[in-house]
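Quick note, the sequence shown lines up with residues -16 to -1, 1 to 342 if you use mature numbering (1 follows the signal peptide of the UniProt record, and there is no 0). We treat Cβ as the ideally placed atom computed from N, Cα and C, and that holds for glycine. Predicted, not measured: the structure shown is a model, and the values here were computed from it. Worksheet: the structure to be examined is printed underneath.
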Amino acid sequence: MHLLVHLRCLSLFAAAQKMLRGTLSLLWQSLGSFSCWLSGALFLLPRRRSFQDGRARDAAAGVVPVSVNYHFTRQCNYKCGFCFHTAKNSFVLPLREAKRGLAMLKEAGMEKINFSGGEPFLQERGDFVGKLVQFCKQELKLPSVSIVSNGSMIKERWFKRYGEYLDILAVSCDSFDEEVNVLIGRGQGKKNHIENLHKLRKWCRDYAVAFKLNSVINRFNVEEDMNEQIKALNPVRWKVFQCLLIEGENTGEDALREAEKFLISDEEFEHFLDRHREISCLVPESNQKMRDSYLILDEYMRFLNCTNGRKEPSKSILDVGVENAISFSGFDEKMFLKRGGKYVWTKADMALECYKKV
Ligand code: SF4
């Protein structure tokens, strides 16, 4: 009997030992996998972040800056309510430094430069931008040199002096109704924005500069029918943008504008485009297309990365070189091509009326 009890005790003890061993090994295994997971997670966390940063950097690394927009001034004489490059400072690079940067960009593969602002014709009454235009065409021999302006300060003497070096002049016009222009912030007191537009159109024809129009579609002009006026002006290209919010510029605490009231939906934008479908030179740019598809240089020649909905600057190309700075630009080359960023941009290649006459 004792023997039986003893044997039973032994087998129970062995079973308990086995169970304990099993539990311990399970516990050990789980501890093992937990520690693996923990070390893996700790190892991967910074790596993952750096991988993501790296991916953002790599997307633009090695990109050739074929087409660059240089916003050399933030100052402007207009106060458009949706402006997304506002007058946050009055800095402008000295002419010599600006030329040095432009030469570096040419060296890196730039073919097209667009001068923008602010209002480019405010600085030295247009002479500053005139000298840059002349330098880019005459010295750098860039295939395409263009300016985006609100058009209010351009005089005929500017065309006489610098017109031959300019391929394209793009003038902003959001409405053919002067009252709407005033509502938007493009009002100019006694000056009439639309009359001025026709004058500029004529000078472009007279001095063989391609004439382009830019319009931002917003709450105040979204219902407008611009067909007749656009046909009469006959631009080589009509860029139609959907009003866009940029944190720190036209929305948010440190912004100089509150553009929320100007916003329109994607459907409203589509309706506007549909109303103007007969205009063959219309190039639409929805918010989606606009983001990340422009190489933008600010007044310090820093690339502005808009991928996070605000403009985050790289270091200046003048300090770190084009290749280094461009890798922080957030530029998406595929998006640039998708929005038709590459087009016939040399005036000699365009079928300008003035050329046809010759
Ligand atoms: S004209 Fe252009 S730069 Fe000037 S306030 Fe209007 S949108 Fe801004």
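So which of Y278, E231 and H182 has the shortest CA-CA distance to V320?
-> The sequence position of residue 320 within the sequence shown is 336, counting from 1. The question names Val, but residue 320 in the sequence shown is Phe. The shortest Cα separation from F320 among Y278, E231 and H182 belongs to Y278.
Assign A309 to one of two classes, buried (16 or more other C-beta atoms within 10 Å of its C-beta) or exposed (fewer than that).
-> Here residue 309 refers to the residue found at position 325 when the sequence shown is read from its first residue. A309 counts as buried, since no fewer than 16 other beta carbons sit within 10 angstroms of its beta carbon.
For the putative contact between L247 and V193, defined by C-beta atoms under 8 Å, what is the C-beta separation to the nearest angstrom?
-> On the sequence shown, position 263 is the one that residue 247 refers to. On the sequence shown, position 209 is the one that residue 193 refers to. 33 Å between Cβ atoms; not a contact.
Beta-carbon spacing of K121, L150 below 9 Å = Indexing the sequence shown from 1 puts residue 121 at position 137. Indexing the sequence shown from 1 puts residue 150 at position 166. Closer than 9 Å, so yes.
Could you name the residues of the same chain whose beta carbon sits closer than 7 Å to that of G114, not counting the 5 residues immediately before and after it, in chain order?
-> Stepping through the sequence shown from its first residue, residue 114 is reached at position 130. Excluding positions up to five away in sequence, the list reads W142, R145 and Y146.
Best match in L106, C290, I97 and D111 for proximity to Q272 [C-alpha to C-alpha] | For the purposes of this step, residue 272 is taken as the residue at position 288 of the sequence shown. Among L106, C290, I97 and D111, the Cα nearest to that of Q272 is on C290.
List the DSSP bridge partners of residue 344.
-> A query on residue 344 cannot be resolved here, the shown segment of the chain reaching from -16 to 342 and no further.
Can you give me the Cβ contacts of V48 inside the same chain, cut-off strictly under 6 Å, excluding the 5 residues immediately before and after it?
-> Stepping through the sequence shown from its first residue, residue 48 is reached at position 64. So the list reads G93, once near-sequence residues are dropped.
Quick one: does the C-beta of G171 sit closer than 8 Å to a heavy atom of the ligand SF4?
-> As a working mapping, residue 171 is identified with position 187 in the sequence shown. No, the Cβ of G171 stays beyond 8 Å of every heavy atom of the ligand SF4.
Give a single yes or no on whether N134 has its beta carbon closer than 8 Å to a heavy atom of the ligand SF4.
-> Reading the sequence shown from its first residue, position 150 is the one you call residue 134. Yes.
Are the beta-carbon atoms of N205 and D250 separated by less than 9 Å?
-> As a position in the sequence shown, residue 205 is number 221, starting the count at 1. As a position in the sequence shown, residue 250 is number 266, starting the count at 1. The Cβ-Cβ distance between N205 and D250 does not fall below 9 Å.
Using DSSP with H/G/I as helix, E/B as strand and the rest coil, what is A216?
-> Locating residue 216 in the sequence shown gives position 232, where the first residue counts as 1. Helix.
Backbone secondary structure at L79 - three-state DSSP = One-based indexing of the sequence shown puts residue 79 at position 95. The answer is helix: DSSP assigns L79 an H, G or I state.
Please look up how many angstroms separate the CB atoms of L288 and E296, rounded, as I've assumed it's under 8 Å.
-> Taking the sequence shown and counting its residues from 1, the one referred to as residue 288 is at position 304. Taking the sequence shown and counting its residues from 1, the one referred to as residue 296 is at position 312. That belief holds up - the Cβ atoms of L288 and E296 are roughly 7 Å apart, short of 8 Å.
Which value, in whole angstroms, describes the spacing of the CA atoms of H255 and F105?
-> As a first step, residue 255 is located in the sequence shown; it is residue number 271 there, counting from the start. As a first step, residue 105 is located in the sequence shown; it is residue number 121 there, counting from the start. Rounded to the nearest angstrom, the two C-alpha atoms are 34 Å apart.
Between R221 and C265, is the Cβ-Cβ spacing less than 9 Å?
-> Looking up residue 221 in the sequence shown gives position 237. Looking up residue 265 in the sequence shown gives position 281. Against a cut-off of 9 Å, the Cβ pair of C265 and R221 comes out as a contact.
When the Cα atoms are used, what is the spatial distance from L22 to E242?
-> Taking the first residue of the sequence shown as position 1, residue 22 is located at position 38. Taking the first residue of the sequence shown as position 1, residue 242 is located at position 258. Confidence at L22 is low in this model, with a pLDDT of 35, below 50, so the placement of that residue should be treated as unreliable; the coordinate-derived value is given next. Going from the Cα of L22 to the Cα of E242 covers about 46 Å.
So which residues put a beta carbon under 6 Å from any heavy atom of the ligand SF4, going in chain order?
-> C60, Y62, K63, C64, C67, H69, G101, G102, E103, N134 and S156
Segment contact, 8 Å Cβ cut-off, at least three pairs: the region 163 to 183 with the region 227 to 236 | no
Determine the burial state of G135: buried for a count of at least 16 other Cβ atoms within 10 Å of its Cβ, exposed for fewer.
-> Reading the sequence shown from its first residue, position 151 is the one you call residue 135. Buried: at least 16 other Cβ atoms inside 10 Å.
Hey, quick one: how far does the beta strand (DSSP E) through K96 stretch, first residue to last?
-> Along the sequence shown, one-based indexing puts residue 96 at 112. It spans K96 to S100 - the beta strand (DSSP E) in which K96 sits, taken as one unbroken run.
G52: first and last residue of the uninterrupted beta strand (DSSP E) it sits in = Here the question's residue 52 lines up with position 68 in the sequence shown. The displayed chain sequence assigns Val, not Gly, to residue 52. Segment S51 to H55, the beta strand (DSSP E) holding V52.
Go ahead and pull the three-state DSSP assignment for F292.
-> In the sequence shown, the residue the question calls residue 292 occupies position 308. Here residue 292 turns out to be Asn, not Phe, going by the sequence shown. Coil at N292, not helix or strand.
According to DSSP, is A332 helix, strand or coil?
-> Mapped onto the sequence shown, residue 332 falls at position 348. Helix at A332.
Look up L89 in the DSSP assignment and say whether it is helix, strand or coil.
-> One-based indexing of the sequence shown puts residue 89 at position 105. Helix.
Backbone secondary structure at K318 - three-state DSSP = Taking the sequence shown and counting its residues from 1, the one referred to as residue 318 is at position 334. The answer is helix: DSSP assigns K318 an H, G or I state.
So the beta strand (DSSP E) L266 belongs to, where does it begin and stop?
-> Start at 1 with the first residue of the sequence shown, and residue 266 comes out as number 282. Per DSSP, L266 belongs to the beta strand (DSSP E) from L266 to E269.
Any idea if F312 is buried or exposed, counting beta-carbon neighbours within 10 angstroms, 16 or more meaning buried?
-> Within the sequence shown, residue 312 is the residue found at index 328, counting from 1. It counts as buried.
Cβ-based neighbour list, Q118, same chain, cut-off 8 Å, excluding 5 preceding and 5 following | Counting from one through the sequence shown, the residue named residue 118 turns up at place 134. Y146 and Y149, listed in sequence order.
Which residue or residues does DSSP assign as beta-bridge partners of F225?
-> As a working mapping, residue 225 is identified with position 241 in the sequence shown. Answer is V200 and E269, bridged to F225.
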